[in-house]
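Report on the following structure.
There are 2 protein chains.
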Amino acid sequence: MTDEPQRGGRPRDTRVDAAILAATRTLLAEVGYGALTMDLVAGRANVGKAAIYRRYAGKQDLVFAAAVHGRTLDPPPDSGDLRTDLRWLVGGIARSLSSPETRAALPALLADVTADDDVADRFMRTFVAEERAYVETILDQARRRGDLRTPVDAEVVHSLVLGAIFARIYLLRKPADKAYQHEVTDLAAKALTEGAR
Amino acid sequence: MTDEPQRGGRPRDTRVDAAILAATRTLLAEVGYGALTMDLVAGRANVGKAAIYRRYAGKQDLVFAAAVHGRTLDPPPDSGDLRTDLRWLVGGIARSLSSPETRAALPALLADVTADDDVADRFMRTFVAEERAYVETILDQARRRGDLRTPVDAEVVHSLVLGAIFARIYLLRKPADKAYQHEVTDLAAKALTEGAR
């Protein structure tokens, strides 16, 4: 329990927060995004529906918080080696996209995001912006060491790394396992350092 | 009009084929995947619903044919240069994922594909397998010329190129324009040739 204010200025009950998110993740894995309802979550979390609606404007927001936003990366290390930093990035994205609840939710959530500019804007400002900042940090560190060929666009690198792992799991339907992560890290490191020094 | 047999052995009326696909593409751009129904397509194409169901088992199949499968690539050129071949691949995938009807349909179609193993298998056997074969052809050509470092896994390269463009448009919400295509082609070529010869 904390006294942090939240929507409506009520004191935040972190046990209720955690119960709602845990129930949502469990239900995503069990019934999938399409069949998940606020009623089901309320029943599983043993809270009233009002407790959910005080925290989340709707199902998309709740699922986003439970399956995607709650799994953001830690800030990147500065290992002194671009390949090691990239391995960290690739591994973190692969983990965030591979969990059962994320796999159950992400395609339907993406369809909703694409259809709703407000949700898309929120998605871009939170998860995407944070991940982009980490890509920029890793590239800046490499640039300062002289390990990077120039110019490299962080947005393009982000699309390559995030896209490869997304495509592997969701378009090509294979696991983004350690061997795959190693291949992607290796190709990305070669692409970024070729011709440097 | 041709006499090609199709489902049920009936002669194929290519004018009806074309009218159904064109109506589906128009409606995808106008109303989106969620609101598209077989009734709407029949009305717009000025054909009976039975004519659609003789050709497609359901809405997913129809949309897949109209928005994705009908836009497969031509076989790859053998330009004698890996970067040129990659530019062709990147450009073709970018075009196939950028059209208004594809953008209106693909996220919802992907959600359906992920939720239905039969649809997913069909998707993998057609669109994905064909594109994969093109990636393999391009890599084989480069390997025979000695332009490729080894080993390179065609499946990993496919995930990188397809994933980058998919992520650019559908996750990061930017156009996969010529400048972007050039960046991705350049990074892919560097990743694949670094250390060769």
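Line by line, the protein sequences are chains A and B.
Under the numbering used here, the residues of the first sequence are numbered 2 to 198, in order.
Under the numbering used here, the residues of the second sequence are numbered 2 to 198, in order.
Virtual Cβ for every residue (Gly too), placed ideally from N, Cα, C.
Check: At a cut of 8 Å, does the stretch 38 to 48 of chain A reach the stretch 108 to 115 of chain A through at least three beta carbon pairs?
Finding: no
Next item on the list: Measure the beta-carbon distance from isoleucine 94 of chain B to valine 153 of chain B and round it to whole angstroms, keeping in mind my assumption that it falls under 8 Å.
Entry: The pair is not a contact, with the Cβ atoms about 18 Å apart (cut-off 8 Å).
Checklist line | Opening and closing residue of the alpha helix (DSSP H) in which proline 101 of chain B lies | finding: 101 to 116
Note to self: I need the boundaries of the alpha helix (DSSP H) containing isoleucine 139 of chain A, first residue and last residue.
What the structure shows: 130 to 146
Margin query: Against chain B, with Cβ distances strictly below 8 Å, would proline 6 of chain A count as a contact?
Written below: Confidence at proline 6 of chain A is low in this model, with a pLDDT of 44, below 50, so the placement of that residue should be treated as unreliable; the coordinate-derived value is given next. Not closer than 8 Å to any Cβ of chain B, the Cβ of proline 6 of chain A fails to qualify, so no.
Check: What residues of chain B sit near leucine 28 of chain A, judged by a beta carbon separation below 7 Å?
Finding: Correct list: empty, because the minimum Cβ distance to chain B is about 15 Å.
Check: How would you label glutamate 131 of chain A, buried or exposed, when you count the other beta carbons within 10 angstroms and need 16 or more for buried?
Finding: exposed
Check: So serine 160 of chain A is in the alpha helix (DSSP H); what residue range does that whole segment cover?
Finding: 155 to 167
Notebook entry, point to check: What's the gap between the Cα of arginine 88 of chain A and the Cα of glycine 49 of chain B?
Noted result: 55 Å
Notebook entry, point to check: alpha helix (DSSP H) containing lysine 50 of chain B: first to last residue?
Noted result: 50 to 56
Item checked: Helix, strand or coil at aspartate 79 of chain B [DSSP, three-state] -> coil
Item checked: is_contact[tyrosine 181 of chain A, chain B] using C-beta, thresh 8 Å -> yes
Note to self: If I measure Cβ to Cβ from aspartate 86 of chain B and keep anything under 8 Å in the same chain, skipping five residues before and after, which residues do I get?
What the structure shows: Pro77, Pro78, Asp79, Ser80, Ile139, Gln142 and Ala143
Next item on the list: Consult DSSP for arginine 150 of chain A and reduce its assignment to one of helix, strand or coil.
Entry: coil
Notebook entry, point to check: From this set, A:Val17, A:Asp117, A:Thr25 and A:Ser99, which residue's C-alpha is nearest aspartate 178 of chain A's C-alpha?
Noted result: A:Ser99
Checklist line | CB of arginine 169 of chain B within 8 Å of CB of methionine 125 of chain A, strictly | finding: no
Next item on the list: Say whether chain A places a C-beta atom closer than 8 Å to the C-beta of leucine 188 of chain B.
Entry: yes
Note to self: I'd like the list of long-range same chain contacts for glycine 35 of chain A, defined as Cβ closer than 7 Å, with 5 residues on each side in sequence excluded.
What the structure shows: Ala109
Next item on the list: With 8 Å as the C-beta to C-beta threshold (strictly closer), list the residues of the stretch 115 to 127 of chain B near chain A in chain order.
Entry: Thr115, Ala116, Ala121 and Met125
Note to self: Would glutamate 102 of chain B and alanine 68 of chain B qualify as a contact pair, given that the criterion is a beta-carbon distance under 8 Å?
What the structure shows: yes
Check: Of all the CB atoms in chain A, is at least one closer than 8 Å to the CB of phenylalanine 167 of chain B?
Finding: yes
Item checked: Limits of the unbroken alpha helix (DSSP H) element including leucine 41 of chain A -> 39 to 46
Check: Cα separation between threonine 194 of chain A and threonine 186 of chain B?
Finding: 15 Å
Margin query: If you follow the alpha helix (DSSP H) that isoleucine 170 of chain B is in, where does it begin and where does it stop?
Written below: Run containing isoleucine 170 of chain B: none; DSSP gives neither H nor E here.
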